[in-house]
Amino acid sequence: MRKTLAVVGTSALVIGLSVCIGHAAAGPASGTSASGAETSVKGPEQGPDSSAVVAVESPPAATSGATGGGTSPTSGGAAVDPAEAVKRAQANLKAHKSAIRAANGDTYAVKRVIRDGNGTSHVRYGRTFKGVNVVGGDFVIHNTRDGKFAGFSAGHHAPLTINTTPKVKDDAATAAARKAFEGTVAKAAEPKLLIDATGQSSRLTWETVVEGMRPDGQTPSRLHVFTDAVTGAVISSQDEIRSVAGTGKSQYSGTVNIDTTQSGNSFQLRDDARGGSTTCDMNNSTSGTCTVLTDADNAWGNGSSGNRQTAAVDAHFGSAKTFDYFKSTFGRNGVFGNGKGVQSRVHYGNNYVNAFWNGSQMTYGDGSGNAKPLVSLDIAAHEMTHGVSDALASLTYSGESGGLNEATSDIFAAMVEFYAGSSADPGDYDMGEKVDLRGNGKPLRYMYDPSLDGASDSCWSTSTGGKNVHYSSGVGNHFFFLLAEGSGATKFGTSPVCNNAPAVSGIGRTDAASIWYRALDTYFTSSTKYKDTSSANNDARNYTLKAATDLFGSCSKQYRAVQASWTAVNVAGEEAACGGTAPSTSTSTSKPTSTLSTSTTENPTSTSTTTSSTTTSPTSSTTSGSTTGPTSSTTTRTSTSGTTTTGPSPSPCAPVTNDQKISIPDRGRPVTSSVTVSGCARKASATTKVLVRSTHPFRGDLMITLIAPDGSMYRLKNANGRDGRADVNSIFTLNAGAETANGVWKLAVQDVFRRDTGTLTTWTLTV
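Numbering follows numbering that gives the first Met the number 0, with no gaps: position 355 of the sequence shown is 354.
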C-alpha cells in the first residue's frame, strides 16, 4: 500500500506524515509448516475428521529471534527450532481454543514464528471463517521454553457465528466504492468478501480496491472501500497510499557519506551493501521511467534544491540510515526482513507537497515551489517504518490501531535521526521540521507535547479513536517521549502529564525503543488499541508491559516507567503497581473519593511478577469483563454459596491455610472457602497478604474477593476477558488495617464467563 502526505485544501496544509501498506484483507495462504509438512488444528466443535488447516505463510528463517529480526530475551536456554515452535503452538492452540475465541469453521494460518534466545517462542496466526478472511482475527500463541502455554495476544472478542452469505451483490459494492472515491477513477478491482472483527461485533463486508488519482491530479490513490454486505452502506475506507506529506552534499543533513556502485566510468546511486537500494529521478513526472542517478566523480549534489542530485543524496542517505538502524539495533535485515533494499524516487510531480510509501518503494515530491523536497531524514525513516510495522503486526490503518501505526513511524523516525548523528540535523522529537510543510517554520508534530500542533491528542480519551490517525498518534508519541526522556522541562521541550498524574522519569531512548519494538514484533495484533475497554489483553499498555518484562524483568525500573508513562497520558491499566497504588481503571478524569488498592505478585515461590491490580471507588467497581460489587472497607454484609471449610490458626497471628480443593462452576455462583484466625489480639495489617492458587484454563474468567469477619469485602482480582493466561498463582497484598484480625475470613471465587471450569486448590491468609 502507498502512504503519502495528506494535504488539506488549496493552502496545502499537511495533515501528517503517513505511509501505505496493504490492508490485511488477503485470503488465507496455503502452504506447509516449518518442517515442510501440513499441520492442522481442529475447530472447537468439529468432528474427528474435520480440521482447520494451518499453513506457514513465510519461511521461519526470515523471522526474528535467533534467525534475526528482533530484540529478544537471550538469557539461558537456546532458541527453539522453528518447526518445534510451530508444533508447540499447535498443541497449545488445541488445548486453549477458548483463549483465541475459536469457532467451528475457523481456519488458522501461521504467518510468522518469533524465537527468543532463551527458548521461548511466539507464533503469529491469521484466521479465516468458513473460507472468509477475518480482519482483526489474527492472534499470537506464546510458548514457554519447555513448550507450555504462556498466554496469547488477540483482539477477537467472541467466537464467530456470522452468516457468510452476502445479501448485497458484488456489483453493488463496486458501484458504492466508485462513488466513494474522491478524484479520477482508473479502475476498480473485483470485490472480496471479508469479515470485519475489529470492533465489538463482527460483520460481513465487501472490500473493493479502487485505483486512480486524487483531486490534485498527482497523488496516486489505491483506496480500499469497505461496504456492509448486508445493508450495502459504505462503512469506511483506507488508502494504501498514506502520505507525509561516495560523498554527497544534502539539503538537510549536510555533507554525508553514501554507498554507490561503479558502472564503467561512472557511478550509480545503487547501494549493494543494503540489498541493492537505488535512488532514481522521476523528472517531475507522475508516471513513466524513473532514471537511476549517475555521476562521474562520485561526489553528489551541492546542498541546493537547484541541483537535482541534492534531493537524491538526502533520500539515499535516509534509506541507508533506516536500513542500518533496524539491522544494528534489532537485527532486522531491511524493511522487509529479507535483506532486500528499497527504491527511492525523487522529483515526483510538480510542486508536489507530499511523499509516500507504496509498500515497496519511497516517492518524494519537491514541495511548494519545488524548493524544499520532502526528503528529510525523519520523513524517509517515518515512511519506511510503515513497511516494518506492516511486516510485524499489520496494524489496521484506522482508529486507535491507526494511531499506533503512525506513532510507530514517528517513534522510529526520531530514533533513526538520533542514530544518524548528523550535526546539520541532530536528533530531536520534532517531525518534519526541516521541510517546513506548514510554511510557518514550525514542525509538523511535536512528540513531547503533541497538542502543540492544534489537533493531536496528548492525552487519551474515548474520542481518540475517532480522529485522523495522524492526530490520534499523539498519545503514542507522548507516551514514548515520557518513557524515554521523562516529563517536565527537557532539552527537547516541556512535556506535560495528563490529569495531574505523577511526574515521570525517563529510562533513555535505547531501552524505550527496545520495549516498543518488542511489543510490536511479539505482541501487537492488527486491532491493538491504546486502551481496549472490551479486551484488556489487546491494548498497548498491556503489551508494552509484557515487552518490558521480557527484556528487563517484571517490576524493573523500565517496567515501572512503562506503567507511569501510560498513566501520564491517561491510559490506565489493571496490572499491579509494583508495591504502590495502582492506577485507576476508570476512563473518567474524575478521581474516586477514596480508594482501595491491592497489588498482586505472580509465582510467589519464584521471582515475583507483577500482573494485576485494581483501584476502585468505595461503592462499586466496574471493569470490562467483570461484575460489579462493593470493594471498599465499608461494611457490606453478603451471603455466598458453596463449600465452606474452616482451618484453625496454628499460632496467634501466624499464616492460616485452607487447602481443601473446591470446584469452580462455569459462570456460576461464587464458591467460598474459610479460615479462622484466633489468639491474634490486634488489627489486621496494612500489608495483609492473601496467597491464592487455582487452576483454570482462562484465568481472566475469575473474580476473587476476600470477606472479613464483619462481612466487609475486598476485591482482590477483577474478571478480565482479555487475560487469557492459565491458572492463578498469586499473592495479593491489601490494606486491611481497619479489620479485627480474629474471626472467620472467607475467600469467594466466581467464574463470570462461559466455556471453562476451574478449581480453587489452596489459599493462605497472613493478617
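Where a beta carbon is used, it is the ideal one built from N, C-alpha and C, also for glycine. Just so it is clear, the structure is predicted and the values come from calculations on it, not from any experiment.
- Nearest C-alpha to Ala196 among Arg698, Ala567 and Ser533: Ser533.
- Taken through DSSP and simplified to helix, strand or coil, His155 comes out as coil.
- DSSP, read as helix, strand or coil, puts His695 in coil.
- Rounded to whole angstroms, the Cβ separation of Asn350 and Gly368 is 6 Å, and the two are in contact under 8 Å.
- In the DSSP assignment, Ile663 falls outside any alpha helix (DSSP H) and lies within the beta strand (DSSP E) extending over Ile661 to Ile663.
- For Ala546, the enclosing alpha helix (DSSP H) covers residues Ala539 to Phe551.
- Straight-line measurement puts the Cα of Ser504 at about 44 Å from the Cα of Gln308.
- Within the model, the alpha-carbon separation for Ser304 versus Ala454 is close to 31 Å.
- Between Val415 and Tyr324, the C-beta spacing is below 8 Å.
- Apart from sequence neighbours up to five positions away, the residues of its chain that approach Thr756 with a beta-carbon distance below 8 Å are Ser662, Ile663, Pro664, Asp665, His695 and Asp750, ordered along the chain.
- Fewer than three Cβ pairs drawn from the segment 260-269 and the segment 222-240 lie within less than 8 Å of each other, which leaves the two stretches out of contact.
- Under the three-state reduction of DSSP, Pro81 is assigned to helix.
- Where Phe479 is concerned, the enclosing alpha helix (DSSP H) starts and stops at Val468 to Glu484.
- Secondary structure note for Val415: its alpha helix (DSSP H) is the uninterrupted segment Gly398 to Ala419.
- In the structure shown, the three-state DSSP call for Asn142 is strand.
- Going by DSSP, Arg177 is part of the alpha helix (DSSP H) stretching over Asp169 to Ala179.
- Asn132 counts as buried, since at least 16 other C-beta atoms from the protein chains shown sit within 10 angstroms of its C-beta.
- In this structure, DSSP gives Lys745 an extended state, which the three-state scheme calls strand.
- Our two residues, Ser564 and Phe479, have alpha carbons roughly 8 Å apart in a direct line.
- Straight-line measurement puts the Cα of Leu519 at about 21 Å from the Cα of Ala567.
- Between Gly150 and Arg724, the C-beta spacing is below 8 Å.
- DSSP, reduced to helix, strand and coil, places Thr489 within a strand of the structure shown.
- When secondary structure is reduced to three states using DSSP, Ser673 falls in the strand class.
- Under the three-state reduction of DSSP, Met383 is assigned to helix.
- At the C-beta level, Thr285 and Gly348 come within 8 Å of one another.
- Note that the C-beta distance between Leu481 and Ser494 is below 8 Å.
- The distance from the Cβ of Val655 to that of Leu544 is about 33 Å, inconsistent with a contact at the 8 Å cut-off.
- By DSSP's assignment, Met712 forms a beta bridge with Ile706.
- Contiguous beta strand (DSSP E) elements confined to the segment 185-273 occur at 191-195, 202-212, 219-227, 233-238, 246-248, 260-262 and 265-267, taking only those with 3 or more residues.
- Separation of the CB atoms of Val676 and Gly742 is rounded to 6 Å, and the pair is thereby assigned contact status at 8 Å.
- With a contact defined as Cβ atoms closer than 8 Å, Val374 and Ala412 miss out at about 13 Å.
- Counting along the chain, the unbroken beta strand (DSSP E) around Lys110 starts and ends at Asp105 to Arg114.
- Taking 8 Å as the cut-off, the Cβ atoms of Asp456 and Val468 do not count as close.
- Shown here, Ile378 sits in a helix according to DSSP, grouped into three states.
- Straight through space, the alpha carbons of Gly211 and Glu239 are spaced by roughly 12 Å.
- Out of Asp726, Leu733 and Ser729, the CA that lies nearest to the CA of Tyr713 is found in Leu733.
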